[in-house]
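At position 41 of the sequence shown (counting the first as 1) the number is 41 in the numbering used here, and the numbers step up by one without a gap.
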Amino acid sequence: MLSKIISEKNIDEVRHLLNNAENVAIVTHISPDGDAVGSSVALAHFLISMKKKPIVIVPNCFPVFFNWLSGTQDIIVYEDHHEETKKAIADAQLIFCLDFNSIDRIDGIAPYVRQSEAKKILVDHHVNPAEFCDVVISHPSISSTSELIFRLICRLGCFPNITKECAEAIYMGMMTDTGNFSYNSMQPEIYQIISELLMKGIDKDAIYRCIYNTYSVNRMRLMGYCLNRKMKIYPEQKTAVIALTLEEQQRFDCQVGDTDGFVNLPLSIEGVDVSVLVREDIKKIKLSFRSQGTFPVNKMAAMFRGGGHLNAAGGESYQPMRKTLWKLENMIKNRRDFEQTTEEQI
Ligand code: 5GP
Ligand code: MN
1 MLSKIISEKN IDEVRHLLNN AENVAIVTHI SPDGDAVGSS VALAHFLISM
51 KKKPIVIVPN CFPVFFNWLS GTQDIIVYED HHEETKKAIA DAQLIFCLDF
101 NSIDRIDGIA PYVRQSEAKK ILVDHHVNPA EFCDVVISHP SISSTSELIF
151 RLICRLGCFP NITKECAEAI YMGMMTDTGN FSYNSMQPEI YQIISELLMK
201 GIDKDAIYRC IYNTYSVNRM RLMGYCLNRK MKIYPEQKTA VIALTLEEQQ
251 RFDCQVGDTD GFVNLPLSIE GVDVSVLVRE DIKKIKLSFR SQGTFPVNKM
301 AAMFRGGGHL NAAGGESYQP MRKTLWKLEN MIKNRRDFEQ TTEEQI
């Protein structure tokens, strides 16, 4: 038996709202990762089994290495389909907001969600949720939103409705948000859930291969280039930084998702416990932060209009690369200012 993390009140509210809705929109954050896509698709599979009509909408493209997952082919990408997005949100009697907790994280979809009179349910695991939903299921101690979707379905008494496809989506989210269970993965119940998912017929090793062993040659070479030529180590600060310009990404014919995971690589170096990937985009610079141990990278990300978790966070900069790196370097040199105080840990 899993512990009842989601409150009885939340469960009653979700049950009531689901009973009164047919068209359900599911929205998730910009640059959707495995947990965003996994939790959304899993919920859609579940709602279909409940004879509802769910539509998953994402702000922009997700990596092709999620395409094997059943249900991803029906996702509406707002960036390329403004009208369909507008209609889907306008038609929805209920909106689920998954894997984000502040409305600006859904970018161009935000105005439609704000305007909609449909009830909104948040299911998320980031700290400090903003108030824009009617029902808030927010559990930062849980390592993925996909795990929360599993728990929600079970608490609704619908475990039998979880199909193999739904289980695959849940597993994908749990696996990717924990780096294949190498961080944020100490809660014993995670493995109880995996056991239930295996019983639903998922092939966890095949899912691993689909996500992590499908690199293009270009992606592999770009990774080599990053490690060989671009990785800068600050030994005293136990920090590594990889900064990639747009030109460099174009040179390697970089596709959406191709730099995913690169930020984790320097953490394999002994004595490095913080790693930052700085990636130039067309309109902004994206920063990804990772740490191991107690260093709170979400505090660093907050200095770049971002946030996230203790060990994984992100932010963005609208300044040129040189200025962004200068600011980052100053922060790294003063990393003590960001260290967790004993008081905070308590
Ligand atoms: P990633 O580095 O993989 O893009 O993101 C790592 C974590 O930080 C994720 O949990 C993600 O939700 C969060 N995150 C990434 N970028 C941003 C951002 O711009 N703003 C906020 N608030 N969180 C972010
Ligand atoms: Mn997540």
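Even for Gly, the Cβ is constructed at its ideal location relative to N, Cα and C.
- Secondary structure note for tyrosine 225: its alpha helix (DSSP H) is the uninterrupted segment 217-225.
- In this model, aspartate 35 and tryptophan 68 are separated by some 15 Å (Cα to Cα).
- In the DSSP annotation of this structure, the continuous segment of the alpha helix (DSSP H) that includes glutamate 196 starts and ends at 188-199.
- Cβ-Cβ separation between serine 116 and isoleucine 76: approximately 15 Å, too far for a contact (criterion under 8 Å).
- Nearest in C-alpha terms to aspartate 33, of all of Met50, Leu18, Phe65, is Phe65.
- As DSSP reads the structure, alanine 243 sits in a beta bridge with Val278.
- The stretch 148-161 makes contact with the stretch 2-15, as at least three CB pairs between them are under 8 Å.
- In the three-state reduction of the DSSP assignment, arginine 290 falls in the strand class.
- When distances are taken from the beta-carbon of valine 263 to the heavy atoms of the ligand 5GP, the shortest one is below 7 Å.
- Sixteen is the threshold: when 16 or more other Cβ atoms of the shown chains lie within 10 Å of the Cβ of asparagine 184, as they do, the residue is buried.
- Glutamate 316 sits in a strand when the DSSP states are folded into three classes.
- Counting only unbroken stretches of 4 or more residues, the alpha helix (DSSP H) elements lying wholly within the stretch 77-135 are 82-91, 110-115, in sequence order.
- Checking the 7 Å criterion, the Cβ of arginine 105 is within range of a heavy atom belonging to the ligand 5GP.
- Annotation: serine 146 to glutamine 192 spans about 14 Å, alpha carbon to alpha carbon.
- About 18 Å separates the beta carbons of isoleucine 137 and isoleucine 162, which is beyond the 8 Å limit, so they are not a contact pair.
- At least 8 Å separates the beta-carbon of serine 39 from that of glycine 224.
- For threonine 145, the enclosing alpha helix (DSSP H) starts and ends at 145-155.
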